[in-house]
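Inspection log for the structure reproduced underneath, given as structure tokens.
Numbering (our numbering), first residue to last: 84 to 177.
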């Protein structure tokens with residue numbers, strides 16, 4: 084199993100991308116009976132939330148209102164997905 088991979092397709096309105104990852108990695112990250120797409124989706128949501136959080140709170144200068152609003156929406160969607168806030172799940176709050 085060490086060299087097995089899984090390829091997932093990410094589709095948007097006008098384009099698509101493929102992501103190939105080691106199957107064993109997904110198995111390590113899987114919680115309960117999560118599907119491969121759910122594992123990758125969770126990781127994507129964490130990564131996106133971290134990126135927008137960093138842009139708002141750890142960048143140089145103060146983020147404009149549009150970026151702050153984008154962070155608020157992203158963190159709301161994060162909480163909908165995980166049933167807990169970004170701060171609760173990461174221990175990182177401002």
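All C-beta atoms in this analysis are idealised placements derived from N, C-alpha and C, irrespective of residue type, glycine included.
Bear in mind the structure is a predicted one, so any value in this text is a computation, not a measurement.
Is it true that the CB of residue 88 sits closer than 8 Å to the CB of residue 106? Closer than 8 Å, so yes.
Terminal residues of the beta strand (DSSP E) in which residue 94 lies: Per DSSP, the unbroken beta strand (DSSP E) holding residue 94 starts and ends at 88-94.
Residue 155 versus residue 94 - alpha carbon distance: Rounded to whole angstroms, the separation of the alpha carbons of residue 94 and residue 155 is 24 Å.
Please go through the same chain and pick out, in chain order, the residues whose beta-carbon is closer than 6 Å to the beta-carbon of residue 90, but skip the five residues on each side of it. Counting only Cβ-Cβ distances below 6 Å, and skipping sequence neighbours, we find 101 and 103.
Spell out the partners DSSP gives residue 105 in its beta bridges. According to DSSP, residue pairing for residue 105 in a beta bridge involves 88.
Span separating the alpha-carbon of residue 151 from that of residue 134: Going by the C-alpha atoms only, they are around 12 Å apart.
Classify residue 52 as buried or exposed, calling it buried when 16 or more other Cβ atoms lie within 10 Å of its own Cβ. Residue 52 cannot be examined here, being either before or after the span of the chain that is shown, 84 to 177.
Exposure of residue 170, with buried meaning 16 or more beta-carbon neighbours within 10 Å: Answer is exposed; the Cβ neighbour count stays below 16.
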